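K.L.:
If you read the sequence shown in this note's numbering, its first letter stands for residue 1289, the second for the next number, and so on. Here a beta-carbon is modelled for each residue, glycine too, at the ideal position from N, C-alpha and C. Only a predicted model underlies this, so the values are computations on that prediction, with no experimental measurement involved. Sharing a structure below in structure tokens format, with a few things to ask.
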Amino acid sequence: MTSGPPKPKPDFIPAADPRVGRPKVSLAQLWGKIKIPLLLVILAALGVASLLLYTAERRTTRQVGLVISPEQAEALRLRSLEREAAFEKIRQESFELKEADIALLEEALRLQEEYISARRSVGTDDPRQQSLRRRLHLLRGERLRYDSDRAEAEALVLVKTDEAAAIPLLRQAIACEQEIETKWGFSGLADSGRRARLDTRLRRLESASLWQKGRADEAAAEQLYAAGKFAAAAAKFTEAIASENDFLARYRDVRNTEFGRADKLAERRETALSGEAWQGILARRGEAEASERKGDWSTATRAWQDAVDAFDQLLLNFPKSSFADRTHEAALVTRLNFARFRDEIFALRARGEQLRSALRDRRADDALRLADELVVEARRLGSANTGAFLLESAERSEVEYLALNAAVVHSVLATIDQNLRPIPGLAVRFYRTEISQGLYAAVMGANPSAVRREANPVESVTYAEAEAFATRLGWILGAKVRLPTTAEFTHAVGDPAKAAARTKQGSPDGMTLKPVGTTPPDANGVHDLLGNVEEWAQASPAETRAPVLGGSILNPPGPGLPAQTVSKRERNRTLGFRIVIE
1289 MTSGPPKPKP DFIPAADPRV GRPKVSLAQL WGKIKIPLLL VILAALGVAS LLLYTAERRT
1349 TRQVGLVISP EQAEALRLRS LEREAAFEKI RQESFELKEA DIALLEEALR LQEEYISARR
1409 SVGTDDPRQQ SLRRRLHLLR GERLRYDSDR AEAEALVLVK TDEAAAIPLL RQAIACEQEI
1469 ETKWGFSGLA DSGRRARLDT RLRRLESASL WQKGRADEAA AEQLYAAGKF AAAAAKFTEA
1529 IASENDFLAR YRDVRNTEFG RADKLAERRE TALSGEAWQG ILARRGEAEA SERKGDWSTA
1589 TRAWQDAVDA FDQLLLNFPK SSFADRTHEA ALVTRLNFAR FRDEIFALRA RGEQLRSALR
1649 DRRADDALRL ADELVVEARR LGSANTGAFL LESAERSEVE YLALNAAVVH SVLATIDQNL
1709 RPIPGLAVRF YRTEISQGLY AAVMGANPSA VRREANPVES VTYAEAEAFA TRLGWILGAK
1769 VRLPTTAEFT HAVGDPAKAA ARTKQGSPDG MTLKPVGTTP PDANGVHDLL GNVEEWAQAS
1829 PAETRAPVLG GSILNPPGPG LPAQTVSKRE RNRTLGFRIV IE
């Protein structure tokens, strides 16, 4: 077996490694190469710093170096001393320094600065130069402060009679204070608080004209609005708003500011812009009401619809107007629906009168059947037509109450007549006793009395609660029920002495509330007109106080009729009431 042909030699010949044989550089060799350039850079930087330090005084004082001889420099110093000496001599001999005198001190300072510059002094705190500077600044500052004080004093006098004339004087005072701060700072008189106070006074006076213009524009706008010139009024309101915004931007920190006034003016402007639209709505409402009075309900319905549509447009165009009140819209929609469903509503009211007639005839079953039917119809009308027959309206509240309180209606109608007493000379019938707690709780669904006994008179009732009871009892009876007037109560009492005797006869201890109807009645069959509990009497709705008559166990009757007036919100344990029926 042969070994075969020989292997060919490879064509690739490796190159020599460039790193082989290269000498390594040590840190010492590197330092030797860079130390000389580094030292040169450091020396150059020190030279520049020395030059800057050497020329700092001249650069700070903006002086140009003077190339003069030492003798000339000394001459500058001597001249400065001469000017200072001349100034001091004048100062000691004169009561008032003039501008020329102060110029001597200023010249002395200038020469001293040139002397220091000529010496090429590195320091900037030469004591004499600083002393001259402080004295000059103090003199200038004192002169300006004197002018500032005088201008302010004159302004304070003028402001009482002529504010405009005081403004230039305050500006002059502020200019003096600003010059003290910016030019004569070494005087020590700079007072930023004083300048701020003067600036506040000045800006308050400057704001007066703008403040007054805004109010004048507003007043003029209101006059134009009252005259029916709505476009002109809106333009004036716009001017007032511009004045108010300008005032707030510039002077809100120096004068009492009525925050939100710009928004109020914007609302008044929009109200003026909507004035013509509102007048159109009122005109349509007037047409609708006139048509209703004529009995032309179809025309009235169209007019009400036009008014509602116009109001919707007003809401869309002028949402910030004071006329854009949803209560106006609700009132218009209510009148529209009433006109649209007038026949149904009138029919409902006619049946309501039939209901009351049945109640007056004491036909409880017929009345309650009608009440149930009327409730269904009223709810249908109310839900289908906004405002046509509101739940809180008296008519709907009446039928709802009767339908929900059938048992109370039956019980009251069965017993009411035996408790009513006619009074000779009066057109009303009196309930023979005070209203008992049992009757009050049945009608109202609650008993407010402090001491609860069904047969006792109800007490701790306010005037409003007594009137609410009378209203509901009137619904049950189908008649007008109310509190007695003072005249009716007095007529029913008759002779107070005889009534008081009956009261004592029925209550030996005179200290305890008695069940109603337990004292002897009077000739008309009425009990406890005097004593037991005091009783509310009718008062005007506009009054906040009402009569309380008859006395109580705590206020026993005397020779006359006990009477007083108390707040309608009064509530106590000896205060009740009775009712009369017309």
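Could you have a look at I1322 and say whether DSSP puts it in helix, strand or coil?
P.N.:
Note: I1322 maps to helix in three-state DSSP.
K.L.:
Indicate whether T1721 and R1861 have their beta-carbon atoms separated by less than 8 Å.
P.N.:
No, the pair does not count as a contact, with Cβ atoms beyond the cut-off.
K.L.:
Can you look up S1748 in the DSSP assignment and give me helix, strand or coil?
P.N.:
If DSSP states are grouped into helix, strand and coil, S1748 belongs with coil.
K.L.:
Can you list, in chain order, the residues of its chain whose CB lies under 7 Å from that of A1521, leaving out five sequence neighbours each side?
P.N.:
Same-chain partners within the cutoff: A1509, L1512, Y1513 and A1560.
K.L.:
Where D1541 and D1594 are concerned, what is the direct C-alpha to C-alpha distance, given to the nearest angstrom?
P.N.:
Those two C-alpha atoms are separated by around 50 Å.
K.L.:
Going by Cα to Cα distance, which pick from A1554, G1563 and L1477 is closest to A1515?
P.N.:
Among A1554, G1563 and L1477, the Cα nearest to that of A1515 belongs to G1563.
K.L.:
According to DSSP, is E1362 part of a helix, a strand, or is it coil?
P.N.:
In the structure shown, E1362 sits in a helix (DSSP, three-state: H, G or I).
K.L.:
Quick one: is E1870 buried, meaning 16 or more other Cβ sit within 10 Å of its Cβ, or exposed?
P.N.:
Exposed, because fewer than 16 other Cβ atoms sit within 10 Å of the Cβ of E1870.
K.L.:
Please report how far the alpha carbon of E1755 lies from the alpha carbon of A1682, in whole angstroms.
P.N.:
Each residue's Cα considered, the two are about 14 Å apart.
K.L.:
Leaving out the 5 sequence neighbours to the left and right, which residues in its chain are closer than 8 Å to R1350 when beta-carbon positions are compared?
P.N.:
Its pLDDT being 47, under 50, R1350 is placed unreliably in this model, and the value from its coordinates should be taken loosely. The answer is none, since no qualifying residue turns up.
K.L.:
Please report the Cβ distance between R1717 and L1708, rounded to the nearest whole angstrom; I am assuming they are in contact, meaning their Cβ atoms lie under 8 Å.
P.N.:
The Cβ separation is near 4 Å, so the contact holds.
K.L.:
Under the three-state reduction of DSSP, which class applies to S1840: helix, strand or coil?
P.N.:
It is a strand residue.
K.L.:
Grab me the residues of A1827's own chain with a C-beta within less than 6 Å of its C-beta, minus the 5 sequence neighbours each way, in chain order.
P.N.:
These residues qualify, in order along the chain: A1834.
K.L.:
Where does L1570 land, buried or exposed, given buried means 16+ other C-beta within 10 angstroms?
P.N.:
It counts as exposed.
K.L.:
Distance, Cα to Cα, V1746 vs N1735?
P.N.:
Rounded to the nearest angstrom, the two C-alpha atoms are 8 Å apart.
K.L.:
Does DSSP put P1835 in a helix, in a strand, or in coil?
P.N.:
It is a strand residue.
K.L.:
Could I get the ranges of all uninterrupted alpha helix (DSSP H) runs contained in the stretch 1644-1731, with 4 residues as the minimum, in chain order?
P.N.:
Segments of the alpha helix (DSSP H) lying fully in the stretch 1644-1731: 1652-1672, 1682-1692 and 1694-1703.
K.L.:
Using CA atoms only, rank isn't needed, just tell me which of E1776, A1830 and N1605 is closest to R1817.
P.N.:
A small fix is needed here, since residue 1817 is Leu in this sequence, not Arg. When each option's Cα is compared against that of L1817, the closest is E1776.
K.L.:
CA-CA distance, S1840 and E1577?
P.N.:
Near 52 Å, if we compare the C-alpha coordinates of E1577 and S1840.
K.L.:
How many Å lie between I1468 and L1432 at the Cα?
P.N.:
So the two alpha carbons sit approximately 7 Å from each other.
K.L.:
R1894: which of G1583, G1640, G1813 and L1647 sits nearest, CA to CA?
P.N.:
No statement about residue 1894 is possible, as the shown extent of the chain runs from 1289 to 1870 and does not include it.
K.L.:
Taking S1252 as part of the alpha helix (DSSP H), name the residues at either end of that continuous run.
P.N.:
Past the boundaries of the shown model lies residue 1252; the chain is included only from 1289 to 1870, so the question cannot be answered.
K.L.:
State the start and end residues of the unbroken alpha helix (DSSP H) segment that holds A1384.
P.N.:
According to the sequence shown, residue 1384 is Glu rather than Ala. Counting along the chain, E1384 falls outside any alpha helix (DSSP H), and DSSP gives it neither H nor E.
K.L.:
Do E1465 and R1482 have their CB atoms nearer than 8 Å?
P.N.:
It is a contact, given that the beta carbons lie within the stated cut-off.
K.L.:
Could I get the ranges of all uninterrupted alpha helix (DSSP H) runs contained in the stretch 1577-1612, with 4 residues as the minimum, in chain order?
P.N.:
Listed in chain order, the complete alpha helix (DSSP H) runs (minimum 4 residues) inside the stretch 1577-1612 are 1585-1605.
K.L.:
Is I1356 closer than 8 Å to A1406 when the C-beta atoms are compared?
P.N.:
Yes; because the gap between Cβ atoms is below 8 Å, this pair is in contact.
K.L.:
CA-CA distance, A1612 and K1552?
P.N.:
Those two C-alpha atoms are separated by around 15 Å.
K.L.:
Give a single yes or no on whether A1453 has its beta carbon closer than 7 Å to a heavy atom of the ligand ATP.
P.N.:
In terms of ligand content, the structure shown is empty, and the ligand ATP therefore cannot be addressed.
K.L.:
Compare the C-beta of L1849 with all C-beta atoms of chain C and state if any pair is closer than 8 Å.
P.N.:
Absent here is chain C; the protein component of the structure consists of one chain.
K.L.:
Does L1446 come out as helix, strand or coil in the three-state DSSP assignment?
P.N.:
Three-state result, L1446: helix.
K.L.:
Given Q1852, which residues of its chain have a CB within under 7 Å of its CB, disregarding the five upstream and five downstream residues?
P.N.:
Taken in chain order, the residues that qualify are V1836.
K.L.:
Quick check on this structure: which residue in E1376, Y1403 and A1363 has the alpha carbon closest to the alpha carbon of L1424?
P.N.:
Residue E1376 is the option with its Cα nearest to L1424.
K.L.:
What does A1851 pair with, by DSSP beta-bridge criteria?
P.N.:
A1851 is bridged to L1837.
K.L.:
Beta carbon of L1750, beta carbon of R1859: below 8 Å?
P.N.:
Looking at the sequence itself, residue 1750 is Thr, so the reference to Leu does not match. It is a contact, given that the beta carbons lie within the stated cut-off.
K.L.:
Using DSSP with H/G/I as helix, E/B as strand and the rest coil, what is W1824?
P.N.:
Three-state DSSP puts W1824 in a strand.
K.L.:
Does the distance from the C-beta atom of R1644 to that of L1662 stay below 8 Å?
P.N.:
Contact: no.
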